[in-house]
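*Asks:* First to last, the sequence lines map onto chains A and B. Quick note: the first sequence, position 556, residue 564 per our numbering, numbers continuous. Quick note: the second sequence, position 131, residue 396 per our numbering, numbers continuous. Positions of the beta carbon are idealized from the N, C-alpha and C atoms, including for glycine.
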Amino acid sequence: MTTKLFGEPVRRREDARLIIGQGRYLDDIGSGAYEAAFVRSPYAHARVLDIDVSAAMDVEGLLAIYTYEDLTGPLAEPLPVLIPHPQLTSPRTGYPLVKDVAQHVGEPIVMVVATDRYIAEDAAGLIEISYEELPVVVGVDAAEAAEHTVHDDVPDNVAARHHQETGDVEAALAASAHTLSFTQYFERSASMPMEGKGVHARWDDADSSLRVYSSTQASTSVRAAIAAKLELSMEKVEVIAPDVGGGFGVKIVHPWPEELLVPMAARLLGHEVKWTEDRREHFISSAHERQQRQEITVGYDDDGRITALDVLVWHDNGAYTPYGIIVPINTATQLCGPYDIPVYRARVNSVYTNTVIVTPYRGAGRPQGTFAMERTMDRIAQERGIDRALVRERNLIQPDQFPYDWGLTFQDGRPLIYDSGDYPAMMAKLKVLVDWDGFAERRAAAEARGKLLGIGMAPYVEGTGPGPYEGAHVQVLGSGKVLVSTGLTSQGQGHETVFAQLAAAELGVPLEDVEVTTGDTRRFGYAVGTFASRAAVVSGNAVALAARGVKEKALRIAAEVLEADPADLEIDEGLVQVKGTPGASIPLRTVAVLSNPLRYAFDEAARQATQFSGPGDDSKPPVAVGDAPGLEHTDYYSPLRSTFASGAHAVVVEIDPATWEIAIEQYAVVHDCGTIINPMIVEGQVHGGVAQGVGGALYERMAYDRDGQLTNASFMDFLMPYASEVPDVDIDHQSTPSPLNELGIKGAGEAGVIPGSAAIASAIEDAVGRRIAAMPISPTELYDLVRSDAERVTNSSPHDSGAMA
Amino acid sequence: MKPAPFGYADPTSVDEALDVLTAEGEGAKVLAGGQSLLPLLSMRLAAPTTLVDINRVPGLDQISVGRDGVRVGALVRHAQLLASTEAAGVQPLLCRATANVAHPAIRNRGTTVGSIAHADPSGEMTAVLALTDGSVTVATPDGRETIGWGDFFLGPLETSVHGPAVVLDVFFPALPERSGTAFAEISRRKGDYAVCGAGVVVTLDADRRVSSARAAYLSVGLVPEVHDLTDAVVGQPVDSADWAAAGELARGKVDPDGDLHASADYRRLLVATLTARTLADAGAEAARRTA
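Set out below in structure tokens:
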């Protein structure tokens, strides 16, 4: 890379538009559209006996009511299992509208379309459904007990038994000097984007084509799903992700029932139809994540080095498994983090419950895995009387062990091989950043103020940038404007900025000349989607490759004009010039004009490319054989394997023993995502992730009661942290470039959230001296804990261990 | 999350408002700031036939401050009361409690009278009205009536006002001589409904000994509660009063419920802690005012 754009903290170009209200979100589209509302199951498990719509039929403005009976062809079949897996032996998915049995509160049963949403809700309220209530399964313990079943034909409630191991763990445990076994719980949370889901569809009857806007993380795949389910040819379906107000994973799932039903209704009614999810709908009918029970057995030696690790996880996948077992695989394969564990076995039983489906939410199984691993490290430290940082350091994979091949299979189906990293240096940076070794003084000072101070840490490793591929198209227009498009979508990450940085740097043009489009199937048809911290890695490399292709062509054309060797040319600030020869240059925009031989001059610039504009080479056709008109290039990047980013968080909490309020005094992050395109955006990603990590650790939970009712399905009772609850974050970067891609990039999107609960649990445990075996934890729960017979724990200070390096 | 159909009236006088309320009967609801009512409508937990919007009624947006206390009109926004140094000078609890009401956007729109008429036991101003022994002025077709706080609050979201009525204003009596106040609450997130809150008034005698200590709590009962804690500290010099004992006395007097965010036991702990802390602050203020 030659220009200074790569690696610079360029300000986000999209922010001005989004901040001043000029964003175009789903609900901003289609002001004249009919609107849909849904009647959703009020019961967690119930057979639908009868649907009486007669009272609703009289509502003025009602246009249509659809039930399962109205679905035809593939729409009447179950929704797809998006990611099949041989160990997903009992996959189950719902129907776009309940066919027979509702499996969770919120499952859609009836779709109502009216002239506006108010009227649609009025009519929905008049529809009477009679149910036969069925026994309800809530929580992993009830699912495992299988006293009742979610799906009749899955008698043990187990969707999948995911099993991976690197050796004979039972023998290794038997041979270990010490072993420990314990059980712990992790509660549900959810992505909770500011903008919920939403779909707008417009059917063109004359053209028999459909344009769909969806607040999605995967527009190309939504397009394929709609085409298949509505039996349309792919080229008759366009899907566009407009500005999307956050995704965090929930919008990678598709097709949501509404993504099929809204286009269906638009086609049947011959009119635009829109559905905008409201917050209650988002709580009870989108997706959650995170609940697990973890049974851990670890073997270790006198120095606290792990000799064997065996985990059995009961994972709550909710009512259905449309997204396969990606979350269980992530927990199983990412649990060990940065540690060199000789023998490891993971067994994850993914079980059905009568609750909202569980699909990836930022972190996607890794926060739970990290919680398992890091709580294990703390226990070993306490058992052996060793400083918690030192136990971790003794177990780290060393820099000379890369590539580190686990002998496991990652969530992309490829071997789990860590590409690069420097974990000892990362831990050293973290200890400095949080002043780990000087903590005793801080604790004493807090005690003098009547407060309990505790410190905790948690490193992690995150597989990022999985394939199969992404592509990009880069085109230089005669105006000099550079158009960049890639098929994956944006939900606020800053893609408009970083992809522009990459293209501008490769091409040698000013950043302001570059325009970026994402997630629009009209512009780019082949894509996978935005998830798993992959956009910068996969689309980023594709953009760089496509820009490089454009540059090659530009230099070739310019070389003819300038009568120079392409190798002697460079592009700087949009000017193609002979290196070291001032004045011998041609603007890139002129090269773009010349690249497309014209018959018709529609403007001044185009005149240069017409047939009588100057002497041509009559011995060759205007467009050479094998060449194409225009200054554009499409290219793809398909990674061999995932790249592995890493990081380490440390937290200091202050607890008031008169109220048991938990305040975060300090939050320190060392972060390594390889080569950084834009450090400001990486820091923003880390900040946002930390906010969600704090939320998951101290505030958020899905409070299902025994009947499967979600009792806190609003922002009044589901406590997403405000800015006032999110700490300042001290960040230190480290960069170990990935050897797997030319740019050296690893993903950064999810990192910040992963170790939050592990580090915060460690810090609270350190402050109050009681074992924390479940997260999240609130002040009222902490008060209960300290008054209970929970195990008392003591941590060694660094100086007690007598083994500091 | 869209309201059911409702009628709308925007009268320009109290009499006109009462006419509409009379004509519409029980289904009509008064709309002032809308910070509690509109979410209830959107969730279809309330479906009034008509909203009687009093925002165009002149004269209801006044704060009148006298030596005897502060009268707050029905259209006075929380933010307006929070900013009134005059009101704070006569009854400091008004400013101290209002600062704890939700977030700035809600304080800019929501009204003090509205939150009292809503009778939510987790409301800051219901507790302050009780603690200051305040009253409510209600207009009905039969005339105007002043109702003491104890007769006004009947239960959660329930007052003694029935039939066509508009709450015109509330009156908060002035802080007595040689007295100090404090207000504190604990919420899960800043600006949330309090898990527990306490407002207190401490009054001293001329020798700077405690003669009265009273506290009101929010989110611990079905209606605002005022507890007299004087017994725990009566006659004690303010600088060495055993405020923790008063906190323990309060802990024994309250009977809170548990919910998702706090167990009953935890609420009792917070009652003890907040009582001791606020009494200490109020005692210090009373001492300054008894110099």
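1. For the stretch 646-658 of chain A against the stretch 468-482 of chain A, do three or more pairs of beta-carbon atoms, one drawn from each stretch, fall closer than 8 angstroms, so that the two count as touching?
2. Counting C-beta neighbours from all protein chains within 10 Å, is the total for TYR534 of chain A 16 or more, i.e. buried, or is it exposed?
3. Counting pairs of Cβ atoms below 8 angstroms between the stretch 317-334 of chain A and the stretch 59-77 of chain A, do you hit three or more?
4. Among A:ALA110, A:SER227, A:ASP311, which residue has its Cα nearest to the Cα of SER184 of chain A?
5. Whole-angstrom Cβ separation of GLU578 of chain A and GLY488 of chain A, contact assumed at under 8 angstroms?
6. Does PRO270 of chain B get closer than 8 angstroms to chain A when you measure Cβ to Cβ?
7. Return helix, strand or coil for GLY810 of chain A, following the three-state DSSP convention.
8. Hey, is the stretch 426-438 of chain A in contact with the stretch 366-378 of chain A, meaning 3+ C-beta pairs nearer than 8 angstroms?
9. Counting only beta-carbon separations shorter than 8 angstroms, does HIS526 of chain B have a partner in chain A?
10. Taking DSSP's pairing of strands, which residues face HIS657 of chain A in a bridge?
11. Relative to the alpha-carbon of SER189 of chain A, which residue among A:ASP215, A:ARG383, A:TYR369 has its alpha-carbon at the smallest distance?
12. Take GLY253 of chain A as the anchor and find which of A:VAL734, A:VAL631, A:VAL776, A:GLN499 has the nearest alpha-carbon.
13. Quick check on this structure: which residue in B:SER349, B:LEU302, B:TYR273, B:GLN501 has the alpha carbon closest to the alpha carbon of ALA545 of chain B?
14. Whose Cβ in chain B lies nearer than 8 angstroms to the Cβ of TYR791 of chain A?
15. With distances taken from CA atoms, which of A:CYS344, A:ALA151, A:GLY479, A:GLN172 is nearest SER547 of chain A?
16. Using the C-alpha atoms, what's the distance from VAL279 of chain B back to GLY334 of chain B?
17. Who are the neighbours of ALA711 of chain A on chain B, taking C-beta pairs under 7 angstroms?
18. Throw me the rounded Cβ distance for the GLY716 of chain A and VAL166 of chain A pair, which I believe falls under 8 angstroms.
19. Are GLY599 of chain B and GLY298 of chain B closer than 8 angstroms when you measure CB to CB?
20. Given a threshold of 16 other Cβ atoms within 10 Å of its Cβ, counted over all protein chains shown, does VAL678 of chain A qualify as buried or as exposed?
21. Which one or two residues does DSSP pair with ARG55 of chain A in a beta bridge?
22. Following the continuous beta strand (DSSP E) through ARG353 of chain A, name the residue where it begins and the one where it ends.
23. Since ALA41 of chain A meets chain B, which of its residues come closer than 7 angstroms, beta carbon to beta carbon?
24. Counting only beta-carbon atoms, is GLU129 of chain A nearer than 8 angstroms to chain B?
25. Quick one, which residues of the stretch 712-729 of chain A are near chain B if we go by CB-CB under 7 angstroms, in chain order?
26. Taking any Cβ of chain B, which residues in the stretch 658-669 of chain A have a Cβ under 8 angstroms from it, in chain order?
27. Assign VAL18 of chain A to one of two classes, buried (16 or more other C-beta atoms within 10 Å of its C-beta) or exposed (fewer than that).
28. Which residues in the same chain have their Cβ closer than 6 angstroms to the Cβ of TYR707 of chain A, if we skip the five residues on either side of it in sequence?
29. Assign PHE723 of chain A to buried or exposed, taking buried as 16 or more other Cβ atoms, counted over all protein chains shown, within 10 Å of its Cβ.
30. Between the Cα of HIS323 of chain A and the Cα atoms of A:MET242, A:GLN225, A:GLN299, which residue gives the shortest distance?
31. Quick one: list the residues of chain B neighbouring GLN733 of chain A, beta-carbon separation under 9 angstroms, in chain order.
32. For GLU115 of chain A, which of helix, strand or coil comes out of DSSP?
33. I believe ALA550 of chain A touches THR505 of chain A by the beta-carbon criterion, under 8 angstroms. Please report the beta-carbon distance rounded to the nearest angstrom.
34. Report the rounded CA-to-CA distance for TRP444 of chain A versus GLU391 of chain A, giving the unit in angstroms.
35. Listing by chain order, which chain B residues have their CB less than 9 angstroms from the CB of TYR675 of chain A?
36. So the candidates are A:ILE780, A:ALA128, A:MET119, A:ARG301; which of them puts its Cα closest to the Cα of GLY464 of chain A?
*Replies:* Taking the coordinates as given:
1. In the pairwise beta carbon analysis, the stretch 646-658 of chain A is classified as touching the stretch 468-482 of chain A: at least three pairs are separated by under 8 angstroms.
2. By one-based count along the first sequence, residue 534 of chain A stands at place 526. For TYR534 of chain A, the number of other beta carbons within 10 angstroms of its own is below 16, and it is reported as exposed.
3. Fewer than three pairs of CB atoms, one per stretch, sit closer than 8 angstroms, so the stretch 317-334 of chain A makes no contact with the stretch 59-77 of chain A.
4. By 1-based counting over the first sequence, the position of residue 184 of chain A is 176. Among A:ALA110, A:SER227, A:ASP311, the Cα nearest to that of SER184 of chain A belongs to A:ASP311.
5. For the purposes of this step, residue 578 of chain A is identified with residue 570 of the first sequence, where counting begins at 1. For the purposes of this step, residue 488 of chain A is identified with residue 480 of the first sequence, where counting begins at 1. Between GLY488 of chain A and GLU578 of chain A the Cβ distance is about 17 angstroms, and since that is not below 8 angstroms, they are no contact.
6. Numbered from its first residue, the second sequence carries residue 270 of chain B at position 5. Cβ-Cβ to chain A under 8 angstroms: yes for PRO270 of chain B.
7. Start at 1 with the first residue of the first sequence, and residue 810 of chain A comes out as number 802. With a pLDDT of 41 at GLY810 of chain A, under the threshold of 50, the modelled position of this residue cannot be trusted, and the question is left open.
8. Contact between the stretch 426-438 of chain A and the stretch 366-378 of chain A is absent, with fewer than three C-beta pairs closer than 8 angstroms.
9. What you label residue 526 of chain B is simply residue 261 of the second sequence in a count that begins at 1. Judged by the 8 angstroms Cβ criterion, HIS526 of chain B is in contact with chain A.
10. The residue you call residue 657 of chain A lines up with position 649 of the first sequence. As computed with DSSP, HIS657 of chain A is found in a beta bridge with A:ALA466, A:VAL677.
11. Translated into the one-based positions of the first sequence, residue 189 of chain A becomes position 181. It is A:ARG383 whose Cα lies nearest to the Cα of SER189 of chain A.
12. What you label residue 253 of chain A is simply residue 245 of the first sequence in a count that begins at 1. With respect to the C-alpha of GLY253 of chain A, the residue from A:VAL734, A:VAL631, A:VAL776, A:GLN499 having the closest C-alpha is A:GLN499.
13. The sequence position of residue 545 of chain B within the second sequence is 280, counting from 1. The option with the nearest alpha carbon to ALA545 of chain B is B:GLN501.
14. On the first sequence, residue 791 of chain A is found 783 positions in, with the first residue counted as 1. Near TYR791 of chain A (Cβ distances below 8 angstroms), the residues of chain B are SER528, ASP530, TYR531, LEU534.
15. For the purposes of this step, residue 547 of chain A is identified with residue 539 of the first sequence, where counting begins at 1. Checked all of A:CYS344, A:ALA151, A:GLY479, A:GLN172; the closest Cα to SER547 of chain A is A:GLY479.
16. Here the question's residue 334 of chain B lines up with position 69 in the second sequence. Here the question's residue 279 of chain B lines up with position 14 in the second sequence. Looking at the backbone, the Cα of GLY334 of chain B and that of VAL279 of chain B are separated by about 24 angstroms.
17. Within the first sequence, numbered from 1, the residue matching residue 711 of chain A stands at position 703. Those within 7 angstroms of ALA711 of chain A in chain B are LEU525.
18. Start at 1 with the first residue of the first sequence, and residue 716 of chain A comes out as number 708. Start at 1 with the first residue of the first sequence, and residue 166 of chain A comes out as number 158. Contact doesn't hold; Cβ gap of about 19 angstroms is too wide.
19. Limits of chain B in this structure are 266 at one end and 556 at the other, which puts residue 599 of chain B out of reach.
20. Sequence index remark: in the first sequence, residue 678 of chain A carries index 670 (1-based). VAL678 of chain A counts as buried, since no fewer than 16 other beta carbons sit within 10 angstroms of its beta carbon.
21. Within the first sequence, the letter at position 47 stands for residue 55 of chain A. Under DSSP, the beta-bridge partners assigned to ARG55 of chain A are A:VAL109, A:GLU140.
22. Sequence index remark: in the first sequence, residue 353 of chain A carries index 345 (1-based). That run of the beta strand (DSSP E) goes 352-359.
23. Taking the first sequence and counting its residues from 1, the one referred to as residue 41 of chain A is at position 33. Taking the beta carbon of ALA41 of chain A as reference, no residue of chain B falls within 7 angstroms; the closest one sits roughly 15 angstroms away.
24. Counting from 1 along the first sequence, the entry for residue 129 of chain A is found at position 121. Residue contact with chain B for GLU129 of chain A: present (Cβ-Cβ distance below 8 angstroms to some residue of chain B).
25. Listed in sequence order: THR719, ASN720, ASP725, LEU727, PRO729.
26. Answer set for the stretch 658-669 of chain A: ALA666, THR667, TRP668, GLU669.
27. Residue 18 of chain A sits at position 10 when you count from the first residue of the first sequence. Looking at its Cβ environment, which holds 16 or more other Cβ atoms inside 10 Å, VAL18 of chain A is buried.
28. To locate residue 707 of chain A, count along the first sequence from 1; it is residue 699. Closer than 6 angstroms at the Cβ level, and outside the excluded window around TYR707 of chain A, lie LEU727, PRO729.
29. Walking along the first sequence from the start, residue 723 of chain A turns up at place 715. Result: exposed.
30. The residue labelled residue 323 of chain A in the question sits at position 315 within the first sequence. When C-alpha distances from HIS323 of chain A are compared across A:MET242, A:GLN225, A:GLN299, the shortest belongs to A:GLN299.
31. What you label residue 733 of chain A is simply residue 725 of the first sequence in a count that begins at 1. Gln is not the amino acid found at residue 733 of chain A; the sequence shown has Glu there. Residues of chain B passing the Cβ test: ARG453, ARG454, LYS455.
32. Here residue 115 of chain A refers to the residue found at position 107 when the first sequence is read from its first residue. Note: GLU115 of chain A maps to coil in three-state DSSP.
33. Here residue 550 of chain A is taken as the residue at index 542 of the first sequence, counted from 1. Here residue 505 of chain A is taken as the residue at index 497 of the first sequence, counted from 1. The beta-carbon distance between ALA550 of chain A and THR505 of chain A, rounded to whole angstroms, is 17 angstroms. This is too long to meet the 8 angstroms contact definition.
34. One-based indexing of the first sequence puts residue 444 of chain A at position 436. One-based indexing of the first sequence puts residue 391 of chain A at position 383. A straight line joining the alpha-carbon of TRP444 of chain A with that of GLU391 of chain A spans about 20 angstroms.
35. As a working mapping, residue 675 of chain A is identified with position 667 in the first sequence. Per Cβ cutoff of 9 angstroms: no residues; TYR675 of chain A is ~17 angstroms from chain B at best.
36. Here residue 464 of chain A refers to the residue found at position 456 of the first sequence. Comparing Cα positions, the closest option is A:ILE780.
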